[in-house]
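The numbering of the sequence shown is our numbering, which starts it at 1 and goes up by one.
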Amino acid sequence: MKENTGRSEILQRLKKSDGWVSGKSIADELGISRNAVWKFIKKLKKYGYVVRGRRKKGYMFVSTPDKVLPAEILSVPAIQKFIKRVYYFDGIGSTMDIARALAMEGKPEGCLVIAEHQTQGRGRLNRRWVSPSGGIYFSVILRPAMAPSDVPVLNVVASLSVARTLKKLFGLPARVKWPNDVLLSGKKICGALIEMDAEIDSVKWVVLGIGMNVVNYEKVKKAEGGNFRFTSLEKELTAAGLSKGADFLKYIPRVEIVRHVLVEFAGLYGRVCGAGDGKDAVAGKGTSRRINRTAVRNIFKEWESFSDTLGRNVRIMMAGSSITGKAEGLTGSGALVVRTGDGRVEVSAGDCIHIR
1 MKENTGRSEI LQRLKKSDGW VSGKSIADEL GISRNAVWKF IKKLKKYGYV
51 VRGRRKKGYM FVSTPDKVLP AEILSVPAIQ KFIKRVYYFD GIGSTMDIAR
101 ALAMEGKPEG CLVIAEHQTQ GRGRLNRRWV SPSGGIYFSV ILRPAMAPSD
151 VPVLNVVASL SVARTLKKLF GLPARVKWPN DVLLSGKKIC GALIEMDAEI
201 DSVKWVVLGI GMNVVNYEKV KKAEGGNFRF TSLEKELTAA GLSKGADFLK
251 YIPRVEIVRH VLVEFAGLYG RVCGAGDGKD AVAGKGTSRR INRTAVRNIF
301 KEWESFSDTL GRNVRIMMAG SSITGKAEGL TGSGALVVRT GDGRVEVSAG
351 DCIHIR
C-alpha cells in the first residue's frame with residue numbers, strides 16, 4: 001500500500017513555468033530544501049512525468065502521464081478541502097476492500113483509494129465489475145452525521161455527481177438509473193457502490209465506490225464475452241462525432257474527470273450534511289444526525305431531471321422477492337416509490353430492471 005498525497009505545490013510550480021526553473025527557486029518559494037525538490041521530481045519521473053533536468057538551468061516540465069496520480073487529483077483547492085489523503089495503486093484487488101479496511105482502522109473522512117486497474121472490482125449484489133486499465137476506479141471514506149436510513153441519499157448524490165460531470169465536460173446526455181447507475185445511450189457507463197457500518201441511530205462510516213468506463217471498452221467487451229449492456233466514454237464520444245474518442249480524451253484526461261466528479265460530490269455532500277444549500281458548501285460540516293431536507297429535496301429534483309427510471313415500468317429484484325410496477329418518485333431518504341397493482345411500495349434497496 002502506498003499512502004501518497006504528493007507535493008502538488010512543486011508540480012504546479014513546474015507546470016506554471018514557461019521554461020527552465022531552478023531547484024533553488026522552487027525550494028525558496030515553498031520553504032523546503034533543494035534535496036526535497038530533487039527527490040520529488042525523481043518520484044514524478046518514476047510515475048511517468050517527463051521533466052528535463054539540466055545543470056545550472058534547473059528543471060523543465062514537459063508532459064503529464066495518463067494516470068490518476070495523487071498530485072494531479074489534489075491540484076484543485078476545492079478537492080483539498082474534501083480529500084485529505086490519497087492512496088494510489090497501479091493495480092489492486094479492489095479499492096472498496098482497501099477503503100473498508102482503512103475505515104475500520106479509524107482513518108478520517110476524505111481518504112481516497114484510487115487505482116489504474118482492479119482485479120477483483122465489484123458492484124451491487126457482489127457482481128463482478130470488470131476493471132481493466134483505462135477506466136476510473138476509486139473509493140472514498142465518508143463519516144456522515146446522518147441516520148442509517150438516510151444513507152441511500154448518497155446513492156443519488158453519487159450518480160448525480162457523475163451525470164453532471166459528463167454533461168459539463170463533454171456535453172453528453174447522461175441519464176441516471178435508480179439506485180446508482182449512470183447511462184449513456186441506454187447503456188451503463190458508470191456504477192456506484194455504497195457500504196457502511198452503523199449502529200441503530202448513527203453511521204460509523206460509509207465507503208463510496210465509483211467505477212467508470214473511459215478508454216477501456218474493448219477490454220471490457222472481451223472480458224464480458226460480448227455483453228453489450230455496457231458502454232464507455234471513448235465509444236460515446238466517437239459516436240457523438242467528436243473525432244476519435246481516444247484523441248478527444250487526450251485534452252480532457254481521466255484525472256480531469258476524477259477531479260470534476262469529486263468537486264461535484266463534495267459540494268452536494270456538504271449540502272446534504274447540513275452545510276447549507278449554497279454552491280460553495282464544504283463537505284463534512286454536519287454536526288447533527290439530521291440531514292438538510294431542503295437541500296435533499298432540491299438535489300432530488302435535479303436527479304429527477306436526469307432520471308431514466310421515473311415513469312417507467314420496473315421490476316425490483318430483492319433478496320428472495322420482487323415487485324413490478326411503475327416508478328413514480330423518490331422518498332425523502334432516496335427510496336424508490338413504485339406503484340404496483342396492490343398499491344404504493346417504497347423500496348430502499350434492490351436491483352432495478354427497466355421493463356420495455
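In this text, a Cβ means the ideal position worked out from N, Cα and C, and glycines have one as well.
In the structure shown, the three-state DSSP call for Tyr137 is strand.
For Glu346, same chain residues with a beta-carbon under 7 Å away, outside a window of 5 residues either side, are Thr331, Ala335 and Val337 in chain order. Here Lys177 has Leu183, Asp308 and Thr309 as same chain residues with Cβ atoms under 6 Å from its own Cβ, once five neighbours each way along the sequence are excluded. Across the set Leu14, Lys56 and Ala27, the C-alpha of Leu14 shows the shortest separation from the C-alpha of Leu44. In the pairwise beta carbon analysis, the stretch 106-126 is classified as not touching the stretch 157-171: fewer than three pairs are separated by under 8 Å. For Thr238, the uninterrupted alpha helix (DSSP H) segment begins and ends at Leu233 to Ala239. A Cβ-Cβ distance of about 5 Å is found for the pair Glu109 and Leu142, placing them in contact under the 8 Å criterion. As summarised for the stretch 91-122, the continuous alpha helix (DSSP H) elements at least 4 residues long and confined to that stretch are 95-104, given in chain order. Following the DSSP letters along the chain, one finds Ala192 in no alpha helix (DSSP H) but inside the beta strand (DSSP E) bounded by residues Lys187 to Ala198.
Taking C-beta separations shorter than 8 Å and ignoring five residues to either side along the sequence, the partners of Asp181 in its chain run Ser159, Lys188, Cys190, Gly191 and Ala192, following chain order.
DSSP places Leu330 in the strand class (E or B) of the three-state scheme.
Here Pro152 is not near Pro173, since their CB atoms are 8 Å or more apart. Counting along the chain, no alpha helix (DSSP H) covers Asp351; the unbroken beta strand (DSSP E) around it starts and ends at Asp351 to Ile355.
A residue is called buried once 16 or more other Cβ atoms fall within 10 Å of its Cβ, and Ser63, having fewer, is exposed. DSSP, reduced to helix, strand and coil, places Ile41 within a helical segment of the structure shown. By the Cβ criterion, the stretch 94-110 is not in contact with the stretch 56-72, since fewer than three pairs of Cβ atoms, one from each stretch, lie closer than 8 Å. Taking a contact to require three or more Cβ pairs closer than 8 Å, the stretch 209-223 and the stretch 234-243 qualify as touching. Nearest C-alpha to Arg297 among Ala319, Asn313, Cys273 and Pro70: Cys273. If you check the CB distance, Ser322 and Arg312 do not come in under 8 Å.
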